[in-house]
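Here the structure comes first, spelled out in structure tokens, and everything after it is commentary.
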Amino acid sequence: MATRLHHKLKTFRIGGVHPEENKLSGQVPIVPLPLPKMVTIPIAQHIGAPAKITVQRGDTVKTGQIIAVHEGFVSSNIHSSVSGKVGIIEQVMDSSGFKHTAISIRVKGDDWEEYIDRSDTLVEEIEADAKEIVSRIMEAGVVGMGGAAFPSHVKLSVPEGKHVDHLLINGVECEPYLTADHRLMIEKPREIIVGIKILMRALGVKKAIIGIENNKRDAIETFEGLLKEESGISVEPLEVQYPQGGEKQLIQALLNREVPSGGLPADAGAIVHNVGTTYAVYQAVQKKKPLIERVVTVTGKSVKQPSNFLVRIGTPVIDLLIAAGGVPEDTGKIVSGGPMMGKAIADLDVPVAKGTSGILLIPKEESMRAEIYNCLHCGKCIEACPMGLEPYRLLLMSKKGNSEKAKEEHILDCIECGSCSFVCPSNRPILDYIRLGKTELRKTKKP
Amino acid sequence: MSTGLLTVSPSPHIHTELTVPQIMKGVLLAMVPAFLFSVYNFGISALYVTALTVFFCIGMEYLIVRFIFKRPVTIFDGSAAITGVLLAFNVPSNLPWHILLVGSIVSIGIAKMSFGGLGNNPFNPALVGRVFLLLSFPVQMTSWPVPAASLSLDAVTSATPLGILKDGQRTGERIDQLMAGMPSYSDYFFGLHGGSLGEMSAFALLLGLGYLLYRKIITWHIPVSMIVTILAMTAIFWFVDPSKYADPVFHVLTGGVMLGAVFMATDYVTSPITHRGMLIFGFGIGLLTVLIRLFGSYPEGVSFAILIMNAFVPLINRYAKEPRYGIHHSEKRKLTPK
Chain A
3 MATRLHHKLK TFRIGGVHPE ENKLSGQVPI VPLPLPKMVT IPIAQHIGAP AKITVQRGDT
63 VKTGQIIAVH EGFVSSNIHS SVSGKVGIIE QVMDSSGFKH TAISIRVKGD DWEEYIDRSD
123 TLVEEIEADA KEIVSRIMEA GVVGMGGAAF PSHVKLSVPE GKHVDHLLIN GVECEPYLTA
183 DHRLMIEKPR EIIVGIKILM RALGVKKAII GIENNKRDAI ETFEGLLKEE SGISVEPLEV
243 QYPQGGEKQL IQALLNREVP SGGLPADAGA IVHNVGTTYA VYQAVQKKKP LIERVVTVTG
303 KSVKQPSNFL VRIGTPVIDL LIAAGGVPED TGKIVSGGPM MGKAIADLDV PVAKGTSGIL
363 LIPKEESMRA EIYNCLHCGK CIEACPMGLE PYRLLLMSKK GNSEKAKEEH ILDCIECGSC
423 SFVCPSNRPI LDYIRLGKTE LRKTKKP
Chain B
174 MSTGLLTVSP SPHIHTELTV PQIMKGVLLA MVPAFLFSVY NFGISALYVT ALTVFFCIGM
234 EYLIVRFIFK RPVTIFDGSA AITGVLLAFN VPSNLPWHIL LVGSIVSIGI AKMSFGGLGN
294 NPFNPALVGR VFLLLSFPVQ MTSWPVPAAS LSLDAVTSAT PLGILKDGQR TGERIDQLMA
354 GMPSYSDYFF GLHGGSLGEM SAFALLLGLG YLLYRKIITW HIPVSMIVTI LAMTAIFWFV
414 DPSKYADPVF HVLTGGVMLG AVFMATDYVT SPITHRGMLI FGFGIGLLTV LIRLFGSYPE
474 GVSFAILIMN AFVPLINRYA KEPRYGIHHS EKRKLTPK
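Chains as they are written, first to last, in our numbering: chain A, 3 to 449; chain B, 174 to 511.
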């Protein structure tokens, strides 16, 4: 053990910051949230085209029944997370702050589709072949559960001409406060390992590495114990540094390779999947269970009982907050996701989606931005940027509308991790302007 | 359960504690040891000079922001106070008040505010003020009171060790003869010799440096590259002809090297932004300092060296880039500005 502590931990090599970790709910077991009275299920919970609705108002649906099918390849199926009656289908504000079409379902009982295996029995034997695995994952509507919600079957279909030799499992959870992945790794490690084997078979790779930040020693040790006899799968403790869990950063930390600018992880011979996604893959392939629930951390300094809930997709945020002891008086901001990359939500009826990893309550005094000063050219944003960009210059270029110049300076490589805005001593809205510059570029790209 | 209105803003939703006022407070705190040494050495006059320059600098900024810019007052960010202390650190302790006023007007009025205030000035304000005074009031600016502590007499003025060296060289005296009459290295280290207020004690300045590094306000790059360059350059000359050139330790411990390396060259606004750039900047200052000291007509060159290198900062920023993720070296070459 002593040697392990002195061993230099792997990490990404450019930039990075270390915000206070605040993992308040790290030791709180996952508890299933009681069924809500009503769910609101958006049809665009993923990157890509929204799914096409296949039910009508008044239809009776079962838990796990398909209610919207994927439209094209880069899209995802949507299933009912409850049983009951389809209500109004209308535009509802989701965590993006925009209104999107969503299907509301009034809950009645909990009547599941018969083909789904709801038991907790571990199914280790993998029968499906690569092709079948991908189609089952697509069928089950599995998307990346780390936050970006990119359809998983697309990631598994490696473009021709690219050679992938490593599967990387992202158990980093570098966002402060969030503990959903941490708890899942402690409570469902065997299922996750089966999920890894499924993904390895689908990709045809011989090696998989689970990357976990070293502040989750219990999860690292759990996997080390279970993986003793497994060949090809290993676990790697990583330095606690944000954004260790960024896809590009994780590839650099674990494989010492870089994804070329504008390229895909496959260009560096790697595919990265989050542990939550890996668990969903296990359920989709071994238990035929679609992605209808996920673990959500409810946390914040004033939250009475910071918790990790197993939540049905579409449950309104308010239900989670009540279960965690109510909304504290001093709440000034509610964030869907972590404090570095999460989105502030405007009201409490926003539904939990496939990409919702946590709900963070921020007290009033911390929810407003502080006074902005002139740029001092201190260089802290450059020190912090994990992509090696010069954020202070990108801000100026975007502000002046010079997005072409910003493109030459690789503004499109920005992963929007927020490290620059986090460290800026002058509180300058660096990432806000970088986002603006990126949006301008995307606009001009279209005819 | 009503929450009232929620704040909605883009991520990130948390921010580091180290903001501009915190940094400025940290820098002021880092200057406390050097300030205490100056009071110990020069008595109440050090306190008087520092208080006056701080008052003049803050007052000057207040007047300009209030009556010319007509903007909200910026004096509370602490940067004007820092310029005041640094100006005081760079002058002899017996300077009369009207010269200090002129120095403050030049520092804040011309070097800082005429460019638009904090963050926009190309040259270090305190150094511009200092050099202006040096050129305008050469006699007053180079008659250094001898520290009270080392003589226990009323302050008597004398030349600085570097000044003695320069004059001695002109008359053709050998280094070892000149050095014999000077304070010991431990006196230099603890600041018991003639000189400007804040440049006296390498020890006090190193305490400040340690604090700045510990708080992560500055990085090691500029101080280390500057001091190492001076050590290396002077070591070469000393090795070639020890009868003509002083040894490297003498060069680093005397004059403004420590003050310059810790507080003047590390000014965010007037130094390069990347670590690579900082190393080049420190090297340039070291090089110019040694050249001015050994071959120039002034005994001391740190102020000039820093100001000259300040002018190169935009150029350094343009070429000294940090490594970028996912871009190969061949591509990088193509991307360097034409």
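Note that beta-carbon positions come from the ideal geometry of N, C-alpha and C, so glycine has one too.
The structure displayed is predicted, hence computed values, not measured ones.
Please list, in chain order, the residues of the region 180-198 of chain B that have any C-beta partner in chain A closer than 9 Å.
Thr-180, Val-181, Ser-182, Pro-183, Ser-184, Pro-185, His-186, Ile-187, His-188, Thr-189, Leu-191, Thr-192, Val-193, Pro-194, Gln-195, Ile-196
With DSSP as the reference, identify every bridge partner of Asn-172 of chain A, one or two as the case may be.
A:Gly-213, A:Asn-276
By Cβ distance below 8 Å, which residues in the same chain neighbour Leu-11 of chain A in space, the five residues on each side in sequence not counted?
Asn-216, Pro-239, Leu-240, Glu-241.
Are any of the Cβ atoms in chain A nearer than 8 Å to that of Thr-256 of chain B?
no
Rounded to whole angstroms, what is the Cα-Cα separation between Val-313 of chain A and Pro-38 of chain A?
9 Å
Please list, in chain order, all residues of the same chain as Val-76 of chain A whose beta carbon is under 8 Å from its beta carbon, the five residues on each side excluded.
Ile-49, Gly-50, Ala-51, Pro-153, Val-156
Of all the options A:Pro-267, A:Asp-122, A:Ala-70, A:Ile-118, which has the alpha carbon lying nearest to the alpha carbon of Ala-104 of chain A?
A:Ala-70
So what's Met-95 of chain A in DSSP terms, helix, strand or just coil?
Note: Met-95 of chain A maps to strand in three-state DSSP.
How about Leu-240 of chain A: is its C-beta nearer than 8 Å to some C-beta of chain B?
no
Residue range of the alpha helix (DSSP H) that includes Ile-515 of chain B
Outside the displayed range of chain B (174 to 511) lies residue 515 of chain B, so it cannot be described from this structure.
Counting only Cβ-Cβ distances shorter than 7 Å, please list the residues of the region 429-455 of chain B near chain A, keeping chain order.
Tyr-441, Val-442, Ile-446, Thr-447
Is Leu-35 of chain A close to chain B? Criterion is C-beta to C-beta, closer than 8 Å.
False, the Cβ-Cβ gap to chain B never drops below 8 Å.
Runs of alpha helix (DSSP H) lying entirely within the region 191-254 of chain A, each at least 4 residues, in chain order
191-205, 219-228
Whose Cβ in chain B lies nearer than 8 Å to the Cβ of Phe-424 of chain A?
Pro-185, Ile-187, His-188, Thr-189
Taking Cβ to Cβ, would you say Thr-226 of chain B is nearer than 8 Å to Gly-290 of chain B?
no
Examine chain A for any beta-carbon lying closer than 8 Å to the beta-carbon of Glu-495 of chain B, and answer yes or no.
yes
Can you tell which of A:Lys-306, A:Val-19, A:Ser-82 has the C-alpha that lies nearest to the C-alpha of Lys-291 of chain A?
Just measuring C-alpha positions, the residue of A:Lys-306, A:Val-19, A:Ser-82 sitting nearest Lys-291 of chain A is A:Ser-82.
Name the chain B residues whose beta carbon is nearer than 9 Å to that of Cys-297 of chain A?
Here the sequence assigns Val to residue 297 of chain A, which means Cys is not the residue at that position. By Cβ distance, chain B contributes nothing, its closest Cβ being about 21 Å from Val-297 of chain A, past 9 Å.
Specify, as a first and last residue, the run of the beta strand (DSSP E) that His-424 of chain B falls within.
Taken as a continuous stretch (DSSP letters only), His-424 of chain B belongs to no beta strand (DSSP E), being part of the alpha helix (DSSP H) at 421-426.
Please state if the CB of Met-482 of chain B and the CB of Phe-454 of chain B are separated by a distance shorter than 8 Å.
yes
Does the distance from the CB of Gly-143 of chain A to the CB of Ile-80 of chain A come in under 8 Å?
yes
Would you identify the three-state DSSP class for Arg-497 of chain B, choosing helix, strand or coil?
coil
Using DSSP bridges, identify the partner residues of Pro-34 of chain A.
A:Leu-312
Span of the beta strand (DSSP E), counted from its first residue to its last, around Ala-150 of chain A:
Neither: Ala-150 of chain A is in no beta strand (DSSP E) and is coded neither H nor E.
Where Gln-47 of chain A and Ser-98 of chain A are concerned, what is the direct C-alpha to C-alpha distance, given to the nearest angstrom?
10 Å
Could you tell me the boundaries of the alpha helix (DSSP H) in which Lys-198 of chain B lies?
Per DSSP, Lys-198 of chain B belongs to the alpha helix (DSSP H) from 193-203.
Give every residue of the same chain whose Cβ lies closer than 6 Å to the Cβ of Leu-179 of chain B, excluding the five residues on either side of it in the sequence, and list them in chain order.
Leaving aside the five residues that flank Leu-179 of chain B on each side, none in its chain has a CB nearer than 6 Å to its CB.
Threshold first: 3 residues or longer. Then list the beta strand (DSSP E) segments lying entirely within the region 192-279 of chain B, N to C.
none
Please confirm if Met-40 of chain A has its CB atom under 8 Å from at least one CB of chain B.
no
If contacts are defined as beta-carbon pairs under 8 Å, then Thr-301 of chain A and Leu-26 of chain A qualify, I think. What distance do you get, rounded to the angstrom?
5 Å
Mind checking if Gly-379 of chain B is an interface residue toward chain A, Cβ cutoff 8 Å exclusive?
Note that residue 379 of chain B corresponds to Leu in the displayed sequence, not to Gly. No - not a single Cβ of chain A is within 8 Å of the one on Leu-379 of chain B.
State the beta-bridge partners of Glu-372 of chain B as determined by DSSP.
Paired residues: none, contrary to the question.
Three or more C-beta pairs below 8 Å linking the region 334-342 of chain B and the region 422-440 of chain B:
yes
For Arg-15 of chain A and Arg-203 of chain A, what's the separation of their Cα atoms in angstroms?
Rounded to the nearest whole angstrom, the C-alpha separation of Arg-15 of chain A and Arg-203 of chain A is 31 Å.
Ser-78 of chain A (DSSP reduced to helix, strand or coil)
coil
Min CB distance Asp-349 of chain B to chain A below 8 Å
No, its Cβ sits nowhere closer than 8 Å to a Cβ of chain A.
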